[in-house]
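So for the sequence shown, the working numbering puts the first residue at 54; every next one is plus one.
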Amino acid sequence: KNVAVLISGSGTNLQALIDHTQCPGNKSSAQIVLVISNKANVKGLERAHKAGIPSLVINHKLYKSREEFDDAVHEELVHANVDLVCLAGFMRILSGSFVRKWTGRILNVHPSLLPSFKGANAHKLVLESGVRISGCTVHFVAEEIDSGAILVQKSVPVFTSDTEASLSERVKRLEHIAYPSALEMVASDKAVLQENGKVLWKE
Ligand SMILES: Nc1nc2ccc(CNc3ccc(C(=O)NCCCC(=O)O)cc3)cc2c(=O)[nH]1
Ligand SMILES: N[C@@H]1O[C@H](COP(=O)(O)O)[C@@H](O)[C@H]1O
């Protein structure tokens, strides 16, 4: 399956997906054919370049509306014959019309154990809540933010000394294991999103 990874920043999850899909020993069902960033000069673009993967910057500020930005992204995905989209630190909300076109073919990694702590500041919410366990979730993207069907979750302890930085570092290490694993499940059709919004687990 041809995969596009959408980023907005450092791209450590992109790097994990690159390492997994480009490792000959893994015989991955997925091949990253395109990286799209909505921000220029981010580390993720260097990672793509070093891996020999074509990349694009589509600056959302150049578009009159969210839908027009999303249309530009969609056109590039179609042009590159993309089958699956992975959001990896992509910080733009996608319009309903875009998500509907990619339902069942678009994944995201969120740095909490969904459905708890949705939104853009999960680690902050986790620390404020006083929970003792956190983690990450890889899920299908649905129109409702951070609410799509769950594919993989991994947990970590939350220490009383934790800051957002220390917690995000601990969680990210597991994101880098969870995301390649989830991508493989979907790319090899072991996990399929059903019409009812639930995952059908084959094998
Ligand atoms: N429709 C849909 N689209 C998404 C886009 C990105 C992410 C990644 N996680 C994200 C979750 C939240 C945000 C957020 O609130 N950003 C601040 C507002 C930025 C903006 O105005 O765009 C961004 C990404 C998940 C989703 C999703 O679950 N559903
Ligand atoms: N979606 C969240 O944004 C961060 C992206 O980090 P990176 O992959 O750009 O390093 C990760 O923590 C991920 O959970």
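Beta carbons: idealized from backbone N, C-alpha and C, even for Gly.
Flag residue i as yes when its Cβ comes closer than 7 angstroms to any non-hydrogen atom of ligand 2, and as no otherwise.
| i | result |
| --- | --- |
| CYS189 | yes |
| VAL162 | yes |
| LEU99 | According to the sequence as given, residue 99 is Glu; it is not Leu. No; taking the cut-off as 7 angstroms, the Cβ of GLU99 has no heavy atom of ligand 2 nearer than that. |
| GLY64 | yes |
| SER90 | no |
| LYS177 | no |
| GLY142 | yes |
| GLU228 | yes |
| LYS103 | no |
| LYS251 | no |
| ILE67 | Checking the displayed sequence, the identity of residue 67 turns out to be Leu instead of Ile. Checking every heavy atom of ligand 2 against the Cβ of LEU67, one is found closer than 7 angstroms. |
| ILE60 | yes |
| LYS225 | yes |
| SER221 | yes |
Below 8 angstroms on the Cβ atoms is my guess for residue i versus residue j; work out the distance and round it to an integer in Å.
| i | j | result |
| --- | --- | --- |
| ALA93 | VAL56 | Not confirmed; about 22 angstroms, so no contact. |
| HIS192 | HIS229 | Between HIS229 and HIS192 the Cβ distance is about 16 angstroms, and since that is not below 8 angstroms, they are no contact. |
| LYS251 | ALA231 | So it is not a contact: roughly 19 angstroms between Cβ atoms. |
| LYS136 | LYS54 | It should be noted that the sequence gives Asp, not Lys, for residue 136. Contact holds; Cβ gap of about 4 angstroms. |
| VAL58 | ALA141 | 5 angstroms |
| SER165 | THR190 | 7 angstroms |
| ALA195 | VAL152 | 7 angstroms |
Would you check whether ligand 1 has a heavy atom nearer than 7 angstroms to the C-beta of residue i?
| i | result |
| --- | --- |
| GLY78 | no |
| VAL152 | yes |
| PHE170 | no |
| LEU147 | yes |
| PRO198 | The residue you asked about is not Pro; residue 198 is Ile in the sequence shown. Yes. |
| GLY201 | yes |
| GLN93 | Residue identity check: residue 93 is Ala in the sequence provided, not Gln. Result no, Cβ not under 7 angstroms from ligand 1. |
| VAL56 | no |
| VAL131 | no |
Three CB pairs or more closer than 8 angstroms across the segment 97 to 106 and the segment 68 to 84: Yes, the segment 97 to 106 touches the segment 68 to 84.
Can you list the beta strand (DSSP E) stretches of 3 or more residues lying completely in the segment 73 to 146, in chain order? The DSSP assignment places 84 to 90, 108 to 110, 137 to 140 as complete runs of the beta strand (DSSP E) inside the segment 73 to 146, in order along the chain (cut-off: 3 residues).
Complete runs of the alpha helix (DSSP H) confined to the segment 154 to 202 [at least 4 residues]: Segments of the alpha helix (DSSP H) lying fully in the segment 154 to 202: 175 to 182.
Given 8 angstroms as the limit, is there contact between the segment 142 to 157 and the segment 114 to 131, that is, 3 or more CB pairs closer than that? Yes, since at least three Cβ pairs between the segment 142 to 157 and the segment 114 to 131 fall closer than 8 angstroms, the two stretches touch.
Does the contact criterion of 3 or more C-beta pairs under 8 angstroms hold for the segment 238 to 248 versus the segment 177 to 188? Verdict: no, contact absent.
Identify every run of the beta strand (DSSP E) within the segment 208 to 249, keeping only runs that are complete inside it and at least 3 residues long; order them along the chain. Within the segment 208 to 249, the runs of beta strand (DSSP E) that reach at least 3 residues and sit entirely inside it are, in chain order, 244 to 246.
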